[in-house]
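Report on the structure given below.
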Amino acid sequence: MTLTWRKSSYSANHGGECVEVALMSPSPGVVPVRDSKDPSGPVLLFPSAAWGSFLSALRDGSLPVG
1 MTLTWRKSSY
11 SANHGGECVE
21 VALMSPSPGV
31 VPVRDSKDPS
41 GPVLLFPSAA
51 WGSFLSALRD
61 GSLPVG
């Protein structure tokens with residue numbers, strides 16, 4: 001299965017922190033994430049629930065960024 005990647009809206013446009021998330025996972029309940037600057041590099045796999053919690057924390061400001 002070839003994955004289709006989407007760059008995070010939180011990624012910088014100047015080539016800095018570039019995170020991509022696969023739109024569809026090859027395994028149910030898993031979210032593949034990679035560094036867009038290294039597309040042939042490692043892919044991190046997060047449980048869907050953990051990824052959802054991470055996104056919620058980003059949205060509500062409870063996760064320090066920067």
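Residue numbering for the sequence shown follows the UniProt record's numbering, starting at 1 and increasing by one per position.
Virtual Cβ for every residue (Gly too), placed ideally from N, Cα, C.
By DSSP's criteria, residue i is part of a beta bridge. Which residues make up the other side?
i, result
"valine 30", "Pro47"
"arginine 6", "Val21"
Measure the CB-CB distance between residue i and residue j and report whether it falls below 8 Å.
i, j, result
"glycine 29", "proline 42", "no"
"serine 9", "glutamate 20", "no"
"valine 31", "tryptophan 5", "no"
For residue i, count neighbouring Cβ atoms within 10 angstroms of its own Cβ and tell me buried if that reaches 16, exposed if not.
i, result
"arginine 34", "buried"
"alanine 22", "buried"
Quick check on DSSP: helix, strand or coil for residue i?
i, result
"aspartate 38", "coil"
"glycine 52", "helix"
Shortest alpha-carbon distance to residue i belongs to which of the options?
i, options, result
"serine 25", "Ser8, Pro39, Ala57, Leu45", "Leu45"
"cysteine 18", "Lys37, Ser53, Trp5", "Lys37"
Is any heavy atom of the ligand MG found at a distance shorter than 7 Å from the C-beta of residue i?
i, result
"glutamate 20", "The ligand MG is absent from the structure shown, which contains no ligand whatsoever."
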